[in-house]
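K.L.:
Below are the structure tokens for one structure; questions will follow.
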Amino acid sequence: CGDHFEHPQGVFTTPNYPNGYPVSTTCEWLITVDWGKSVEVTIDNFDLEGTITNCQYDALRVYGGPDDTAPLLGELCTNQKVPIKYTSSGENMYIRFISDSSIAGRGFRASYKTVDS
């Protein structure tokens, strides 16, 4: 699952949200906006399996660039206080969700929009 978004704004979720995501799943989203702009992602609902101090089970990782070699802006697991916002320094943001082989939460819902750099 995942997608490559090239629209100025949009919404994405884990599969089956809010009814629980599948186990053993990896989803990757790449968001690309106009050159000279930045991406702002807002996570407005979040429920994954895990602990606050250790994302060894299920995790959402947000990178400030086109892939996972870009700077890591945040790593989230378990229940988090929302909304949570991340802003890229350039026109790309890469998001990866990974679930392990057991126990699933409800998942997450996020929106993105184009903002001035």
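Just so you know, we're using full-length UniProt numbering here: the sequence shown kicks off at 1 and counts up by one. We put the CB at the ideal spot given by N, CA and C, even for glycine.
1. Thinking C-alpha only, which one of F5, Y21, T25 is nearest I98?
2. Leaving out five residues before and five after S62 in sequence, what residues of the same chain have Cβ atoms less than 6 Å from its Cβ?
3. Sorted by chain position, which residues of the same chain lie with C-beta nearer than 6 Å to G50's C-beta, five sequence neighbours on each side aside?
4. Going by DSSP in three states, K113 sits in which element: helix, strand or coil?
5. Using a Cβ-Cβ cut-off of 6 Å (strictly less than) and excluding sequence neighbours within five positions of S88, which residues of its own chain qualify?
6. Looking only at C-alpha atoms, which of F46, P71, L30 sits nearest to R106?
7. Assign residue 188 to buried or exposed, taking buried as 16 or more other Cβ atoms, counted over all protein chains shown, within 10 Å of its Cβ.
P.N.:
In short:
1. Considering only F5, Y21, T25, the residue with the shortest C-alpha distance to I98 is T25.
2. Correcting the residue identity first, residue 62 is Val in this sequence and not Ser. In chain order, L73, G74, Y86, I95 place their CB closer than 6 Å to the CB of V62, counting only its own chain and leaving out the 5 sequence neighbours on each side.
3. Same-chain partners within the cutoff: Y57, D58, C77, T78.
4. It is a strand residue.
5. S38, V39, G64.
6. Among F46, P71, L30, the Cα nearest to that of R106 is on F46.
7. No statement about residue 188 is possible, as the shown extent of the chain runs from 1 to 117 and does not include it.
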